[in-house]
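Terminal number for the sequence shown in full-length UniProt numbering: 120, no gaps in between. Even for Gly, the Cβ is constructed at its ideal location relative to N, Cα and C. Working notes, structure below.
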Amino acid sequence: MTILLAAFDDRHAAQLAVHQLTSAGIARDDIRIEHNLERLQATAKNATRESLLSSIGRMFADLVRTNINHHQLDLVTEAIERGATVLVARAGEGQADRAAQLLREAGAFNVGAQGAAQPH
């Protein structure tokens, strides 16, 4: 499995990317978007005062059932702080390149991919 992270200036472009990814065969349950920094901060404060970073990490860890490296989480945090919409998707190895291309075509300004770590 490959984890794809993409940032969009336009929330509607991110929604279009979700549609394109699902049309390309990626399950909707394997795609998550986030744009609401205030909601993430509130979640972090209400959940034993964890940091925003750990809140985002938990959100993505739920998706991939493992942790994403801190550098990628920093990039995601910065993008959300700037008002971007962030999309995270889990794609099979045969789908990853096409999914990254679809994200760029939909208007993502930052697309990264990483192989998912296997749970212990």
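Residue i, buried or exposed, once every other Cβ within 10 Å from all chains shown has been counted against 16
i	result
A100	buried
A17	buried
A14	buried
L102	buried
Inter-residue CB distance, residue i and residue j (contact presumed, cutoff 8 Å)
i	j	result
A7	A96	Not a contact, Cβ separation roughly 17 Å.
Straight-line Cα distance separating residue j from residue i
i	j	result
I33	I26	14 Å
A84	H12	11 Å
D10	G107	8 Å
F109	R82	13 Å
V86	E93	21 Å
R104	Q20	11 Å
V111	T2	12 Å
From the options, residue whose alpha carbon lies closest to that of residue i
i	options	result
D30	D74, V88 and E105	V88
L4	A91, E105 and F109	A91
residue 121	L21, T77 and A24	Coverage of the chain is limited to positions 1 through 120, which leaves residue 121 absent and any answer about it impossible.
T22	R98, N110 and F109	R98
Min CB distance residue i to chain B below 7 Å
i	result
L103	Of the protein chains in this structure there is only one, and it is not chain B.
Task: Runs of beta strand (DSSP E) wholly within the segment 4-35 (minimum 3 residues, chain order) - done: 31-34
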